[in-house]
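Contents: one structure, followed by commentary.
Residue numbers (the working numbering): 1157 to 1801.
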């Protein structure tokens, strides 16, 4: 699918990167930037920065950076077109198809998403309007106490008993077999080869991604077939990965931020019941046990997770499995244990929202308190307490923050009535064992890792020889990208950085292939599309070139530490922008003159082989040019007060 250029410009102009990133990361304004915890790495101290005016983000923990489009591509795995379409939907910008485009030529992922959204609407219509849906599915939802408002808001639906009702309808609407199979909405019969509905005879729970699009479905059977699974879920697809989805997060994320905690429950109906009761911070894992990625996603919105699983034995075991996953991400797990035989849905139905909230306030407890009550019943002997201490020390060792770990250790010593030093030794031993296991795992991963893309710029500790001219080309581009409209004083004139650099490098070819691509793109497009140029450079240029642009973004205006590699004095590291621009141009001039002089000397040597006396006109021309270069080099070096030739 091709998006017209003028529509791309509209999308970039409408996009607020703080708004976009804020859907995924809790940001707080500090100075000119917004800061939050990295969505790419597990960290306790915010190192993820967003600059609204420049429209860029920089993640100092992972080194990633870019525009809102690049952020969506990195985090969601979108293609460039998908990211633009996402932003177009977010800001209500119509995206027309260019002449010659068809639905079949649209991006496959976008087609899968469109099919899922269409299916959700069709299932909801079957629930609300068909005779079968009213008599079967609506009865089920009404018995669970769900209102029509809930049915509509959550797009709940019904897939008819017929083996292929949805599949046949979708095919009639020109949806392709490939997409029906890829989404998992249909499957192929091994006996007949025909397409069949995966979810026939079930109530449907659409699972929304963080943008509100339908990514997949959970489905509960209504019949009593003992051979059929009670719940079915969409298989993984390009738009649905159950290990990275949380049911209800789209509706809950803002309340989670506001209240500072999330409630983690087991089932779809538990989420629905809590939200309908006004407790709108509830989410659930999607047809799977809680996994690390889901905890990490929740950590973007809150640091505290209340585990509210069923009060039966499986619910307790699930709670015990969830606690270490939460601790390992640096989050705080708390536990709300309902009376045995109850889940959130049943408790709310029997006692009501007010009683539930009162119970929650009185019975939500820290994870250590919950586990000590579970593992060390009243009257337990010493071996029981010792085994509990061993298990709980393992959990405390998972806590990455040293201060928090020590506070939990003090709490545990009080709960078990044991000496704190004994527990501290046990925790230190477990911490050492965990670190050893982690190092071995990382070593294995490192051995198996295959580097597919070489970075455009060598790491700071690299021993690779740096080309001096490329270093100065980099400095020119850094200034252009970060400060094109900034006004500077240069040789008695006041002009923008872009205007000044246009005079010096708009017609010069850079030696670095990557830097030359950036230079060409910038000078071609910036005069026409200033607002969108930076974003387009990152999002449309080849990956190694876009990587180079990312490394240049957001760097403060001082002479780069890369210059130290070529033994260049950098006294103006913290000076004002005008002074920095002046030095950058001088260093660039001198580097070019030195390169030209080297080339002239090589030409002179070649010329002398055929003209040993040096009288040929060509030889004289080369000598004259060399003398002029000597004068220019002396002038520049005098200005820099750092003669190195």
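Quick reminder that beta carbons are idealized off the backbone N, C-alpha and C, glycines included. In this text the structure is predicted, and so the values were computed from the model without any measurement.
Please tell me whether residue i and residue j are closer than 8 angstroms, where the distance is taken between their beta carbons.
i: residue 1528; j: residue 1571; result: yes
i: residue 1378; j: residue 1465; result: no
i: residue 1435; j: residue 1462; result: no
i: residue 1788; j: residue 1737; result: no
i: residue 1302; j: residue 1432; result: yes
i: residue 1313; j: residue 1371; result: no
i: residue 1704; j: residue 1664; result: no
i: residue 1440; j: residue 1492; result: no
i: residue 1522; j: residue 1490; result: yes
i: residue 1247; j: residue 1171; result: yes
i: residue 1785; j: residue 1754; result: no
i: residue 1627; j: residue 1639; result: no
i: residue 1416; j: residue 1460; result: yes
i: residue 1369; j: residue 1269; result: yes
i: residue 1351; j: residue 1323; result: yes
Classify residue i as helix, strand or coil using the three-state DSSP reduction.
i: residue 1291; result: helix
i: residue 1489; result: strand
i: residue 1789; result: helix
i: residue 1248; result: coil
i: residue 1347; result: coil
i: residue 1783; result: helix
i: residue 1222; result: strand
i: residue 1502; result: helix
i: residue 1670; result: helix
i: residue 1358; result: strand
i: residue 1188; result: coil
i: residue 1540; result: helix
i: residue 1173; result: helix
i: residue 1401; result: coil
i: residue 1440; result: strand
i: residue 1795; result: helix
Can you give me the Cβ contacts of residue i inside the same chain, cut-off strictly under 7 angstroms, excluding the 5 residues immediately before and after it?
i: residue 1183; result: 1174, 1177, 1190, 1191, 1192, 1206
i: residue 1632; result: 1657, 1661, 1740, 1744
i: residue 1557; result: 1200, 1486
i: residue 1820; result: No information on residue 1820 is available, as it lies outside the stretch 1157 to 1801 that the chain covers here.
i: residue 1803; result: For residue 1803 there is no data in the structure shown, the boundaries of the chain being 1157 and 1801.
i: residue 1180; result: 1195, 1231, 1366, 1456
i: residue 1310; result: 1428
Assuming residue i is part of the beta strand (DSSP E), what are its boundary residues?
i: residue 1215; result: 1212-1215
i: residue 1351; result: 1351-1353
i: residue 1161; result: Taken as a continuous stretch (DSSP letters only), residue 1161 belongs to no beta strand (DSSP E), being part of the alpha helix (DSSP H) at 1161-1170.
i: residue 1461; result: 1460-1463
i: residue 1207; result: 1204-1207
i: residue 1377; result: 1370-1377
i: residue 1650; result: 1649-1652
i: residue 1646; result: 1643-1646
i: residue 1388; result: 1387-1389
What whole-angstrom Cβ distance do residue i and residue j have, given they're in contact under 8 angstroms?
i: residue 1343; j: residue 1354; result: 5 angstroms
i: residue 1746; j: residue 1794; result: Between residue 1794 and residue 1746 the Cβ distance is about 11 angstroms, and since that is not below 8 angstroms, they are no contact.
i: residue 1404; j: residue 1389; result: Not quite, the Cβ-Cβ distance comes to about 15 angstroms (not below 8 angstroms), so this is no contact.
i: residue 1236; j: residue 1227; result: At roughly 12 angstroms, the Cβ-Cβ gap does not stay under 8 angstroms, so residue 1236 and residue 1227 are not in contact.
i: residue 1759; j: residue 1733; result: Going by Cβ atoms, the distance from residue 1759 to residue 1733 rounds to 39 angstroms, so no, they are not a contact pair.
i: residue 1524; j: residue 1548; result: 7 angstroms
i: residue 1364; j: residue 1406; result: 4 angstroms
i: residue 1580; j: residue 1565; result: 6 angstroms
i: residue 1448; j: residue 1481; result: 6 angstroms
i: residue 1438; j: residue 1430; result: 4 angstroms
i: residue 1425; j: residue 1300; result: 6 angstroms
i: residue 1224; j: residue 1211; result: 7 angstroms
Using a Cβ-Cβ cut-off of 8 angstroms (strictly less than) and excluding sequence neighbours within five positions of residue i, which residues of its own chain qualify?
i: residue 1264; result: 1335, 1338, 1394
i: residue 1166; result: 1249
i: residue 1500; result: 1421, 1426, 1429, 1430, 1438, 1464, 1494, 1512
Could you give the first and the last residue of the continuous alpha helix (DSSP H) run that contains residue i?
i: residue 1278; result: 1264-1285
i: residue 1563; result: 1558-1572
i: residue 1419; result: Unbroken run through residue 1419 is the beta strand (DSSP E), 1418-1421; no alpha helix (DSSP H).
i: residue 1525; result: 1523-1531
i: residue 1469; result: 1469-1484
i: residue 1451; result: 1448-1454
i: residue 1515; result: 1509-1519
i: residue 1424; result: 1424-1432
Leaving out five residues on either side along the sequence, give the residues of the same chain with a beta carbon under 6 angstroms from the beta carbon of residue i.
i: residue 1646; result: 1656
i: residue 1587; result: 1553
i: residue 1575; result: none
i: residue 1796; result: 1742
Compare the C-beta of residue i against all C-beta atoms of chain B and say whether one is closer than 8 angstroms.
i: residue 1790; result: You won't find chain B in this structure, because it holds only one protein chain.
Taking 7 angstroms as the cut-off, does the CB of residue i come closer than this to any heavy atom belonging to the ligand FMN?
i: residue 1248; result: The ligand FMN is not part of the structure shown, which contains no ligands of any sort.
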